[in-house]
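Since the structure comes first, as structure tokens, the remarks are kept for the end.
Chains as they are written, first to last, in our numbering: chain A, 443 to 875; chain B, 5 to 350.
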């Protein structure tokens, strides 16, 4: 567990692991040496380096601590679902050292005070670094732009309206312009508000069979089209949070090819699950954006392989059991996803979609670049955020294996391959398992 | 790495049938085979005679408590379920939940637990949310049985089965039949169940007729229907015409410009009826909007079997209830308990 706060991180050597640093293109068996919260050396220990702790990483992979672009921690305001303490502990168990949380807390992150509260609570607990996204509009109402400069000073790396699309295009245009004034990237949940309103699942075969209201593909396509047009108009840096359709992904790829400063991520489960998971009114598969078709999933995978989508996040949304104990339309969307992030990414390597380095880039240096933070790398002098995992270890997703307070996952009972053994945050061991 | 999700059919079968294939719950027609649907129809035929007896009761559900759990208002369906339960000698509780517990903030699961504590044996559930009956059946403590009396836009299996009963009574069977379903299929739980039943029972073709706004996405592939946007073309040669109720709130949703235009394009008139087979029957789950879905002349005409549907509803609901209670009694016997209907039987 973590050392008492305030003491200096002790010198640690991680010996004999397969060190992978996608940012530097390193993939070799070597040692890693940490001191004072930073990486002191790769390979040979510096002269006079005396580790207080030696971690034997033989047979394990040593990579940068994971960076998750979207994880809801439910604090402040929804502590009955989860807390910063409970979810950062789960993050540590999942090898995630940096989390960006959406601003839809209660109250939302539209004032520096809320941003500071979240960061302070996270620092006190010491399990993971939490970077709150600032609210793009006040109260996330989509009407009045927020005090973004102040939010940036309070530590918000990006602006976001969470999963509430800004209906008024003029407001969005001004918000993007204002954010770009301060060099802030804006996270956008691409959805046409009118088309997505009232929808619960992908408008397709399963929705039609089950009589559930659908969210058409066009909702996301229109969202991306509108937002790209505004990005082009304003020159603002935009990042699409959680793409789900093949069509929108193709539009993003085209815009990037033209040189637009647009990027995107995808939730790891979107690369595996489809609308079929909803059969039987399975509320655990009630997600926003919805699980779509196998063709969409395959296009998202191809976009990851091609580098059009650069980040894979958890889109973690822990819930109390009651939130899913209702008829499907009354249940809350979202799944608890921190701890399945790394295994689902490793599964892409197993499927031959990516090599291990490129897969890990999607959860380390690539998302760190989106957040404009020098994280997710193992170079000398970098912050010593390290994840050490056993790529072959198998475990079953279940009540007793999840650390998160949220046990809501459609992956319950599924066997995962890849288990985190140690997580180090700024040179301190925050998880050992 | 992740195993494929079990199909809706497989999940529905697992939830509704016991290990020997007996009906435990009646929630959806998904996952039920032709033999079982035919069994329901045959049993219903047997119950038709009960109405003609001097004593209009059979003791199949004696000592059982049936709770009508209606979260959405209904007169016709609730009444026939109540009557069906009484003819089977069950005690009946009628609960209009829309005006009681949940209005005070009680969750559906809490309502269910409270009623279970009163030792209710069978729930008849109507709810505005698709999947509500599945949810209740998944959480009810065995051997409590659940019958779906309509959930959201998903299923209304007893209505569909009484329609099948009516079709069989007039056509003798299902083989080779062409059936047209006209109107708001998008929001219709009745249509979804009817289509499943018709395809399971082996009709030649099910046609879905309506404007694109009222036909659900990818209906042909998802439901197994042939879609027509032209009423005349769709009616050509059909043996059975099923009209669906058009709800007024659909006008506000922008699904249709006006009732007037809908009737003009999709309303059933004597003249349009002539496109169908000469002995085609006309059905409607009710209540009818005269002058919107059809002419009064058609509704009251000789092809209309609308009132028969209502009387058949009773027999079909008795059949389904007695089957679920029969499975429950098997469970009780296996658990070493005596079913109440047998207590005191010589």
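Cβ atoms here follow ideal geometry from the backbone N, Cα and C, with glycine treated the same way. No experiment lies behind these values; they were computed from the predicted model shown.
Using DSSP with H/G/I as helix, E/B as strand and the rest coil, what is residue 444 of chain A? Reading the first chain from its first residue, position 2 is the one you call residue 444 of chain A. Legend: pLDDT at residue 444 of chain A = 45, less than 50; position of this residue unreliable, value from coordinates given subsequently. Residue 444 of chain A: coil per DSSP, three-state reduction.
C-alpha gap between residue 445 of chain A and residue 854 of chain A, whole angstroms: Numbered from its first residue, the first chain carries residue 445 of chain A at position 3. Numbered from its first residue, the first chain carries residue 854 of chain A at position 412. Low per-residue confidence applies at residue 445 of chain A: pLDDT is 46, beneath 50, and the placement is therefore not dependable enough to give any value.
Counting beta carbon pairs with one atom in the region 798–809 of chain A and one in the region 761–779 of chain A, are three or more of them shorter than 8 Å? no
Buried versus exposed call for residue 198 of chain B [16 or more other C-beta atoms within 10 Å across all chains shown]: Taking the second chain and counting its residues from 1, the one referred to as residue 198 of chain B is at position 194. Classification for residue 198 of chain B: buried.
Residue burial classification, residue 1 of chain B (beta-carbon count within 10 angstroms, cutoff 16): Outside the modelled stretch of chain B, which goes from 5 to 350, sits residue 1 of chain B, for which no answer is possible.
Of the listed residues B:117, B:297, B:184, nearest to residue 242 of chain B (C-alpha basis): Counted from its first residue, the second chain places residue 242 of chain B at position 238. If we check each option's Cα against that of residue 242 of chain B, B:184 comes out closest.
How many angstroms separate the CA atom of residue 350 of chain B from the CA atom of residue 127 of chain B? By 1-based counting over the second chain, the position of residue 350 of chain B is 346. By 1-based counting over the second chain, the position of residue 127 of chain B is 123. At residue 350 of chain B the pLDDT is 39, less than 50, meaning the model places this residue with poor confidence and gives no usable figure here.
Environment of residue 3 of chain B [buried if 16+ CB atoms lie within 10 Å]: Coverage of chain B is limited to positions 5 through 350, which leaves residue 3 of chain B absent and any answer about it impossible.
Three-pair Cβ contact test at 8 Å for the region 703–721 of chain A versus the region 655–665 of chain A: no
Residues that residue 475 of chain A bridges to, as DSSP identifies them: Counting from one through the first chain, the residue named residue 475 of chain A turns up at place 33. For residue 475 of chain A, which the question treats as bridged, DSSP gives the partners A:455, A:483.
Please name the residues in the region 760–776 of chain A whose beta-carbon is closer than 8 Å to at least one beta-carbon of chain B, in chain order. 764, 767, 768, 769, 770, 771, 772
Identify each residue in the region 5–29 of chain B for which the Cβ-Cβ distance to at least one residue of chain A is less than 9 Å, and report them in chain order. 5, 6, 7, 8, 9, 10, 11, 12, 13, 14, 15, 16, 18, 19
Assign residue 266 of chain B to buried or exposed, taking buried as 16 or more other Cβ atoms, counted over all protein chains shown, within 10 Å of its Cβ. Here residue 266 of chain B corresponds to residue number 262 of the second chain, with the count starting at 1. So residue 266 of chain B counts as buried.
Spell out the partners DSSP gives residue 182 of chain B in its beta bridges. Along the second chain, read from residue 1 onward, the residue named residue 182 of chain B stands at position 178. For residue 182 of chain B, which the question treats as bridged, DSSP gives the partners B:209.
If the cut-off is 8 Å on Cβ atoms, which residues from the region 125–137 of chain B count as contacting chain A, listed in chain order? 131, 133, 134, 135, 136
Using a Cβ-Cβ cut-off of 8 Å (strictly less than) and excluding sequence neighbours within five positions of residue 840 of chain A, which residues of its own chain qualify? As a first step, residue 840 of chain A is located in the first chain; it is residue number 398 there, counting from the start. Around residue 840 of chain A: 854, 855.
Just checking residue 644 of chain A against the ligand ADP - is the residue's beta carbon closer than 7 Å to any of the ligand's heavy atoms? Summarising the ligand content, the structure contains no ligands, and the ligand ADP is consequently not present.
Residue 859 of chain A: first and last residue of the uninterrupted alpha helix (DSSP H) it sits in: As a working mapping, residue 859 of chain A is identified with position 417 in the first chain. Segment 857–867 is the beta strand (DSSP E) holding residue 859 of chain A; no alpha helix (DSSP H) there.
Output yes if chain B places a C-beta closer than 8 Å to the C-beta of residue 443 of chain A; else output no. Mapped onto the first chain, residue 443 of chain A falls at position 1. Any answer about residue 443 of chain A is weak, because its pLDDT of 41 lies below 50 and its placement is not dependable; what the coordinates show is given next. No, its Cβ sits nowhere closer than 8 Å to a Cβ of chain B.
Pick out whichever of A:728, A:793, A:662, A:648 has its Cα sitting closest to the Cα of residue 630 of chain A. Position 188 of the first chain, counted from the start, is the residue given in the question as residue 630 of chain A. Residue A:662 is the option with its Cα nearest to residue 630 of chain A.
Can you look up residue 791 of chain A in the DSSP assignment and give me helix, strand or coil? Position 349 of the first chain, counting from 1, holds the residue named residue 791 of chain A. Here residue 791 of chain A sits in helix by DSSP.
Near residue 323 of chain B, which residues of its chain fall below 7 Å by C-beta distance, leaving aside the five closest residues on each side in sequence? Locating residue 323 of chain B in the second chain gives position 319, where the first residue counts as 1. Cβ neighbours of residue 323 of chain B beyond the five flanking positions: 44, 47, 48, 51.
For residue 688 of chain A, collect the residues of the same chain with a Cβ closer than 7 Å to its Cβ; drop the 5 residues on either side in sequence, then sort them by chain order. Mapped onto the first chain, residue 688 of chain A falls at position 246. Excluding sequence neighbours, residue 688 of chain A sits near 737, 738, 741.
Starting from residue 357 of chain B, trace the beta strand (DSSP E) in both directions and tell me its first and last residue. Only positions 5 to 350 of chain B appear in this structure, which leaves residue 357 of chain B out of reach.
Three CB pairs or more closer than 8 Å across the region 504–517 of chain A and the region 820–827 of chain A: yes
Interfacial residues, the region 215–246 of chain B to chain A, with Cβ spacing under 8 Å: 220, 221, 222, 223, 225, 226, 227
Roughly how many angstroms lie between the CA atoms of residue 443 of chain A and residue 748 of chain A, to the nearest whole one? Here residue 443 of chain A refers to the residue found at position 1 of the first chain. Here residue 748 of chain A refers to the residue found at position 306 of the first chain. For residue 443 of chain A, the pLDDT reaches just 41, beneath the cut-off of 50, and the residue's location in the model is therefore unreliable, although a value from the coordinates is still provided. Residue 443 of chain A and residue 748 of chain A: Cα-Cα distance of roughly 39 Å.
Interface flag, residue 158 of chain B vs chain A, CB-CB below 8 Å: As a position in the second chain, residue 158 of chain B is number 154, starting the count at 1. So yes, residue 158 of chain B belongs to the interface.
Measure the CB-CB distance between residue 321 of chain B and residue 84 of chain B and report whether it falls below 8 Å. To locate residue 321 of chain B, count along the second chain from 1; it is residue 317. To locate residue 84 of chain B, count along the second chain from 1; it is residue 80. Closer than 8 Å, so yes.
Hey, residue 451 of chain A and residue 478 of chain A: beta-carbon distance below 8 Å or not? To locate residue 451 of chain A, count along the first chain from 1; it is residue 9. To locate residue 478 of chain A, count along the first chain from 1; it is residue 36. A contact, by the Cβ cut-off of 8 Å.
Cα separation between residue 17 of chain B and residue 865 of chain A? Within the second chain, numbered from 1, the residue matching residue 17 of chain B stands at position 13. Within the first chain, numbered from 1, the residue matching residue 865 of chain A stands at position 423. So the two alpha carbons sit approximately 45 Å from each other.
Expressed to the nearest angstrom, what Euclidean distance is found between the alpha-carbon atoms of residue 169 of chain B and residue 202 of chain B? The sequence position of residue 169 of chain B within the second chain is 165, counting from 1. The sequence position of residue 202 of chain B within the second chain is 198, counting from 1. Approximately 11 Å, taken between the alpha carbons.
How big is the Cα-Cα spacing for residue 732 of chain A and residue 486 of chain A? Position 290 of the first chain holds residue 732 of chain A. Position 44 of the first chain holds residue 486 of chain A. Computed Cα separation, rounded: 49 Å.
Assuming residue 97 of chain B contacts residue 129 of chain B under a Cβ cut-off of 8 Å, what Cβ separation, rounded to an integer in Å, is found between them? On the second chain, residue 97 of chain B is found 93 positions in, with the first residue counted as 1. On the second chain, residue 129 of chain B is found 125 positions in, with the first residue counted as 1. Incorrect: roughly 13 Å between the Cβ atoms, too far for contact.
9 Å Cβ cut-off: residues of chain B touching residue 547 of chain A: Looking up residue 547 of chain A in the first chain gives position 105. In chain order: nothing, as chain B lies at least about 24 Å away.
Report the three-state DSSP secondary structure of residue 470 of chain A (helix, strand or coil). In the first chain, the residue the question calls residue 470 of chain A occupies position 28. Strand at residue 470 of chain A.
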